[in-house]
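Numbering (this note's numbering), first residue to last: 605 to 928.
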Amino acid sequence: MQRVWKRGSGDSVRLVAMVVVVAALSACAVDKPRTAASQPESASSPEAQDWRAEAMAWRQRRYDRLTEPYGWLSLVGLDFVEDGRWRIGAGEGADIAMPAGPDHWGELIVDGSRARFEPATNAVRVDGRPGVAGMLVQPGRDDTVWVQAEDVRFQIIQRNDRLAVRTRWPRAETRTEFKGLDYFPYDPDWRVEARIEYHPAGTTMPVGSVLGDITQEPNLGAAVFEYGGETYRLEAQASRDDDELFFVFADRTTGRETYGAGRMLYAPMPDENGRTVLDFNRAYNPPCTFTEFSTCPLPVPENRLDVRVTAGEKDYAGESGYLK
């Protein structure tokens, strides 16, 4: 069995899906500021300086979250499992290989949407309890149920009707050899006000992923904004009771200066007048930029902007999870 913590070619089906997406989209952490002469006049206002300070603080939080021991960069495995018993461990003969810990961690028992782990030794902790079996899928629970040995841990995730084992390891090559983040210079002109054109309650939209899956996601409405005298719109992936609006978008920099599968952006929920702010200086790369073991959503056709969004995160300088 191939060791999942070594970088490989990835799943061929996912690779084909990504090549198709990139073809459609294409039709270290230092913000290098422009000189004073080249900056727009609006950049010197006190309000714009506050916006920039907030964006810089956001970038630092982004970097900290990404590089924490069990952040996105620590992913080393994504193994989809069907009903049955799965032997897990670091030794030969494991159905799902771990990069460290005992040769035999124990067995994962999958039955539909239920997943239970039975450890073979006290060196393995289930939800913090050494050697004690437990359910890994617990409906209504917000925090993750981890199975851990030494510094390796895994969880069960669900994508559509499938369960998968997602493994994290702080010593992952993607984390230890991380090349940092690169950004366009901060530009206050790319902090734009938008109005929300609401869709009827219950509206959804089909969203594809790098796995080739399509899911129906809540679609609150479209954020309509102006830039350079032109009007643009982005479909929001959110429901009325969410805390933020979420967008996955592509633009004329996609596949050139920015990641080939698009970028992501969060924005405040609209106010009582249906207004929000899209700060593209906070546009960021999805996890699949860095690791092949993620399940990132892709931009819907409506969210491919016919403009160069020269703000936010640029493409990753290191080896990408997909596309390279």
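Don't be surprised by glycine CBs; every beta carbon is placed ideally from N, CA and C.
Asked                                                                                                                            : Found
Inter-residue Cα distance where the pair is glycine 732 and tryptophan 750                                                       : 8 Å
Buried or exposed by the 16-neighbour rule on C-beta atoms within 10 Å, applied to glycine 859                                   : buried
Separation of tyrosine 836 from glycine 864, as counted between CA atoms                                                         : 21 Å
Helix, strand or coil at leucine 909 according to DSSP, with G and I counted as helix                                            : coil
Rounded C-alpha distance that separates glutamate 651 from arginine 757                                                          : 44 Å
Nearest residue (CA-CA) to alanine 753, options Thr880, Pro743 and Asn726                                                        : Asn726
Span separating the alpha-carbon of arginine 607 from that of leucine 902                                                        : Low per-residue confidence applies at arginine 607: pLDDT is 40, beneath 50, and the placement is therefore not dependable, though the value from the model is reported in the following sentence. Roughly 28 Å between the two C-alpha positions.
For histidine 803, the nearest candidate out of Ser843, Arg779 and Gly833 (CA to CA)                                             : Ser843
Chain-order list of residues whose beta-carbon lies under 7 Å from that of valine 904 (same chain, five-residue window excluded) : Met809, Val811 and Glu839
Option in Val741, Gly866 and Arg718 with minimal Cα separation from valine 913                                                   : Gly866
Among Gln841, Ala724 and Gly716, nearest to proline 822 - alpha-carbon criterion                                                 : Gln841
Cα-Cα separation, glycine 705 to aspartate 654                                                                                   : 48 Å
Assigned secondary structure, threonine 862 (DSSP; H/G/I helix, E/B strand, else coil)                                           : strand
Close beta carbons around threonine 880, own chain, < 6 Å, minus the five adjacent residues each side                            : Ala798, Ala871, Pro872 and Pro874
For methionine 739, three-class secondary structure by DSSP                                                                      : strand
Given aspartate 919 as reference, the closest of Phe897, Gly833, Val911 and Thr893 once Cα atoms are compared                    : Thr893
Through-space distance from isoleucine 800 to alanine 827, alpha-carbon basis                                                    : 5 Å
Coarse secondary structure for glycine 922, derived from DSSP in three states                                                    : coil
Buried/exposed call for arginine 766, threshold 16 Cβ in 10 Å                                                                    : exposed
Alpha-carbon spacing of glutamate 777 relative to glutamate 896, whole angstroms                                                 : 12 Å
Assumed close pair phenylalanine 829, leucine 882 - CB separation to whole angstroms, cut-off 8 Å                                : 6 Å
Between the CA atoms of valine 728 and proline 734 - distance to the nearest angstrom                                            : 6 Å
Beta-carbon proximity check, leucine 682 vs arginine 779, cutoff 8 Å                                                             : no
Three-way DSSP call (helix, strand, coil) for asparagine 889 in this model                                                       : coil
Among Thr857, Ala921, Ser924 and Arg886, the one whose alpha carbon lies nearest that of arginine 908                            : Thr857
Proximity test, glycine 681 beta-carbon vs the ligand FAD heavy atom, cut-off 7 Å                                                : Ligands displayed in this structure: none; no statement on the ligand FAD is therefore possible.
Supposed close pair asparagine 885, tryptophan 794 - CB separation, criterion 8 Å                                                : 6 Å
Rounded straight-line distance, which links the Cα of methionine 739 to that of alanine 719                                      : 6 Å
For arginine 934, the residue or residues it bridges with in DSSP                                                                : There is no way to answer for residue 934, as the model of the chain reaches only from 605 to 928.
Separation of aspartate 755 from arginine 775, as counted between CA atoms                                                       : 9 Å
Counterpart residues of arginine 720 in DSSP-defined beta bridges                                                                : Ile713 and Met739
DSSP state of serine 578 mapped onto helix, strand, coil                                                                         : The structure shown does not extend to residue 578, since the chain spans only 605 to 928, so no value can be given for it.
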